[in-house]
Each structure stands twice: as C-alpha cells, then as structure tokens.
Amino acid sequence: MNLSIIGTGYVGLVTGACFAKLGHTITCVDIDPEKVQKINNSVSPIYEEGLESLLLTYKDKISATSDYQTALMNTSITFICVGTPSMKNGTIDLSYLKEATKQIATILKNKNSWHLVVVKSTVLPGTTHNIVLPLLEQYSGKKVGIDIGLAMNPEFLKEGVAIKDFLEPDRIVIGFNDEKSRKTLGELYKKFSCPIVDTSLSAAEMIKYASNAFLATKISFINEIGNLCKKLGVDTYDVATGMGLDKRIGRAFLDSGIGWGGSCFPKDIDALIDWAKEIKEHTRIIESTKAVNTDQPLRLVEILKKHLPTLKGKTIGVLGLAFKPNTDDIRDSRAIPIIKELLRNGAHIKAYDPQAMNNFKTLYPTIDYCSTASEVLSADAILITTKWKEFTTLNYQGKIVIDGRKLEQAKNAKIYEGVCW
Ligand code: UDX
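So the sequence shown is numbered by our numbering: it starts at 2 and just counts up by one.
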C-alpha cells in the first residue's frame, strides 16, 4: 500500500521505516525542510537504534516532502504522527494535530477517491471524534464515514527499542469510526501475529493513556516500596523478583531507582490529571504516581549528603544525562532535578553521557562535560543516573558511588549506596 506519514519524529519515522520494511511505499511529510532533506538522503534526523540503516536499506520505498498535496494524492492512508506536547499547565497542545488535520482535509477536498486518516499521535479520549472528525468534514466538505475513513491507532514504542516494539508488538489497537476504516487498517496489519484489538476511537485513545499511566504507576509503586526497603536494609530488586514471578504482577517495570522521565510518561500523566479535573473526576492514584516520581531523584542527593555532609565546593560526578540508556533524549530526565539540587547546594558538576551531552548543554551550559566516562571518576563522589552499558566497565574502586539505577559493577566502590537498595 502507499502510505503517508505526517510528522517525522521517532513515532512517525519509525512507523514509516518499518512499514517500508514490510513492503509498503512511504511518503513522509514534515514542515522542517532540514528533516525532509535528511530523510531523502537516508540520514535519520533523530537518534534511534537501527533507524538510519532502515532508511538506507529501503531508500527506494521512503521519500519525504513538505508538500501535503504530493503526499496525499499518491497515497490512500495517512498516519498523523505529529507531536502533542505538554503545555505549562499540563494540558496537551493540539495545535500541530489541528494544523495537520486541516492540511489533510484541504487536499482531500479535491481528491475523488476514498482516503483513510489514522491518528497515531497520543491524544486524550474523545479528541479524534470531537476534534479531528469535525475538522476533516469542515475543511474537506466531505463526510467522514462515507468519503473519508477515520481511525485511531496508538503506538506503544519505547525509545531506544522503537523498531523492535513496532515490528513485534504485544498488541495492535485499532479504534475505528466505520467498517471500511476497520477493514482497511486490519488489512494493513494482517501480517502481524499479535492480537488486534478492534474498538471505538475513544477506547483506543484511553488504552494508550491508561497503559502509560499504569506503567508509570508500577514504577512509582516499586519506588515507594523501595523507599521502605531502604529503611529495612532490604534490596528492592530481591523483592521485585519475588513479586514479578506472580503472573498477575509481572517483573517488567519493577526496577526501582530514581524514577521515570521521557517524552511520554510525564506528558501523559499530566494530561490525564488535567483532563480528569475538567470532567470533574479525581485521579488520586495517578497524582500520587507523579508525586512519588517528583521526590524520588532528590533521595539520591540526600544519601550523598550522608557521606559528604557539605556539598559546597565539592566536585560531584554525574554518570548519565539521558532519561534512559540508548537515547539522546533528556526530556524529564531524572538527572535534571538532581543537577539542579547539586548546584543549589554549591557543588561543582562533572557530567558525562554517551549521547545526551549536547542536548543537556542547552539546559546547563556551565557545568563541566567530560569527554570520557572515566574522567568523571576524579570527582569527590559519583552519582549514577542513567544505566548506560559503558558504565559497567569503569573502575569504581576507592570511590564514593551513590547509585540511582542499580549498576551492579559499581558495588566494589569504597563507599557504595543505592537509592532503594
Ligand atoms: C514509554 C512506554 O514504555 C511506551 O510504551 C510508550 O509508547 C512511550 O513511553 P519510553 O518513555 O520510551 O516508553 O521509555 P521506558 O522504557 O518506558 O522508560 C520510561 C522511564 O521509566 C525511563 O526514565 C526509565 O528509566 C524508567 N523506568 C523504566 C524505571 O525507572 N523503572 C523501570 O522498571 C522501567
């Protein structure tokens, strides 16, 4: 099939590249000419393991443009993968989604054949039906469900492993407005062996939010248990092992530490809390999930102060700036509140991250960025904030290490303590 993808962030570009691998022809649309040029030169504008080689391998199946007309006239299905970022008060910014929808509808006004529009961006329940559908009809002058198909197909991609998550999903969720849309999207995904959940547009949107909110809650839960374990002198990872063997619980996402960051959990949790208030509902559990996560990173600094009572003038090493390994993404990284607190205490920072230093410099240009991980070891004490593989080979002997991410190899330090172990 010929597919168009609006938005070439890690969701849009991974979706396009993987569908190209599955034999489809992809036209990506982005308003950023630099991104368009990079994609047409098989260069990935983002860091995502394996993405660039897919762009190279399937360069005859993937093209990019800034022109919606070109993209839509030559394709029958359009995936909207634009960002829905958080605004200051936690609500999500739908401006990119609305603009993309208007642009699509304007082209469909003059297109004679049926066209399926699929929302893949993370949007609150009700958005596709109450905002995207009316805009499509208003700007195309056509009827959704007759001339235009509409569906909602959320992504469950984890950064750093997004390609694997796309090609080997646990499930595919299809929210559909009409039978033809359901069948068309079902046909597109027919080669996948996982269950396909056919449901309403709003249920599909809620499955995405509820899944992310639950995963974040699972992490905050084990961090709360971890804070109790810390007082008990118990290793929370031993507790997680015992819990995780219960099939109803499962071991995944029970890694205690300094908490969750990224471009999704924080944004989705804030959006859900804010939306609930609008519909006069409480989200006490989800609000607590957020509160635990806000406090968790500062516990690492409190533990550090046990060993270095005055941080003023001390040099503290920070190993890891990305919100998780194998990405350059620092959005809501737990290193951010930690570095802020260290600076507030008058400490001098020596930081290193294999991928994320350039991004982090936009936030903290004045701290020292080391060119190797080993350089960080000359600090008075070292904090482990992202579990990069390359940190497992460092020599921590004779050092003070306060660990936020359970790096076993650091245990041979002179003084070693973990946030929840
Ligand atoms: C998440 C969801 O997993 C994915 O399904 C959704 O589509 C997008 O959001 P992502 O944010 O890329 O994916 O990363 P993820 O691997 O989920 O980690 C999120 C954060 O939780 C990271 O900061 C990670 O360090 C932290 N985490 C994860 C824990 O602290 N403990 C865990 O057990 C797992």
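Don't be surprised by glycine CBs; every beta carbon is placed ideally from N, CA and C.
Counted within 10 angstroms of its Cβ, other Cβ atoms place residue i as buried (16 or more) or exposed
i	result
V1	Since the first and last residues shown for the chain are 2 and 422, residue 1 lies out of range.
R332	buried
L4	buried
Q139	exposed
A380	buried
D269	buried
V198	exposed
G347	exposed
S54	exposed
H283	exposed
S182	buried
K462	Nothing can be reported for residue 462: it is not among the residues displayed for the chain, which extend from 2 to 422.
E160	buried
C195	exposed
G234	exposed
D171	exposed
D239	exposed
I280	exposed
S122	buried
G142	exposed
T85	buried
P155	buried
E35	exposed
Own chain, CB closer than 6 Å to residue i, minus 5 neighbours either side, in chain order
i	result
I108	Y69, Q70 and L73
K357	Contrary to the premise, residue 357 reads as Ala rather than Lys in this sequence. Here the set comprises L322, A323, D329 and I331.
K39	P46
H349	T316
D31	T9 and V37
L186	A152 and I175
K306	none
T129	V120, M153 and L202
C371	K351, Y353 and V377
H25	M2 and L4
I78	L4 and L117
E188	none
F361	L322 and I331
K231	C421
Cut-off 7 Å between Cβ atoms - residues of its own chain near residue i, not counting five sequence neighbours on either side
i	result
V302	I339, E342 and L343
F167	V15, T16, C19 and L158
G251	G245
T295	none
L408	I385, K388, F392 and T393
A163	Y11, V15 and E49
I27	L4, I6, G17, F20, A21, K62 and I63
Residue i: first and last residue of the uninterrupted beta strand (DSSP E) it sits in
i	result
C29	T26 to V30
Y417	I416 to G419
I250	It is not in any beta strand (DSSP E) - I250 carries neither H nor E in the DSSP assignment.
S5	N3 to I7
N-terminal and C-terminal residue of the alpha helix (DSSP H) that residue i is part of
i	result
D148	Counting along the chain, D148 falls outside any alpha helix (DSSP H), and DSSP gives it neither H nor E.
L301	R285 to H308
F177	Per DSSP, F177 belongs to no alpha helix (DSSP H); it is in the beta strand (DSSP E), I173 to F177.
K401	This sequence places Ile at residue 401; Lys is not what is there. Careful: I401 lies outside any alpha helix (DSSP H), inside the beta strand (DSSP E) at I401 to D404.
G136	The identity of residue 136 in the sequence shown is Leu, whereas the question assumes Gly. L134 to S141 is the extent of the alpha helix (DSSP H) around L136.
L216	L202 to L233
I40	P34 to N41
I270	F266 to E279
I158	Sequence check: residue 158 is Leu here, not Ile. Element bounds for L158: n/a, residue is neither H nor E.
F20	Y11 to K22
E409	Where E409 is concerned, there is no enclosing alpha helix (DSSP H), given that its DSSP letter is neither H nor E.
K181	E180 to L189
D236	Careful: D236 lies outside any alpha helix (DSSP H) and carries neither H nor E.
D166	A163 to L168
Cβ neighbours of residue i in the same chain (closer than 8 Å, five flanking residues each side left out)
i	result
E288	I274
L299	P338, I339 and E342
G405	G258, I259, P298, L301, R335, I339, L384, I385, T386, G419 and V420
G314	G347, A348 and H349
Y210	T123, L125, P126, D269, A272 and L273
Residue-chain proximity (residue i, chain C), Cβ-Cβ < 8 Å
i	result
Q38	The structure shown contains no chain C, having only a single protein chain.
Item to check | Every unbroken beta strand (DSSP E) inside the stretch 311-395 [3 residues or more] | outcome: 316-320, 349-353 and 382-385
Item to check | Nearest-residue set for the ligand UDX, Cβ under 6 Å from any heavy atom | outcome: E156, F157, L158, K159, E160, N213, L216, I220, F254, L255, D256, G258, G260, W261, G262, G263, C265, F266, F324 and K325
Next on the checklist: What ranges does the alpha helix (DSSP H) occupy inside the stretch 48-128, keeping only unbroken runs of at least 4 residues that lie completely in it?
Outcome noted: 52-58, 69-74 and 96-109
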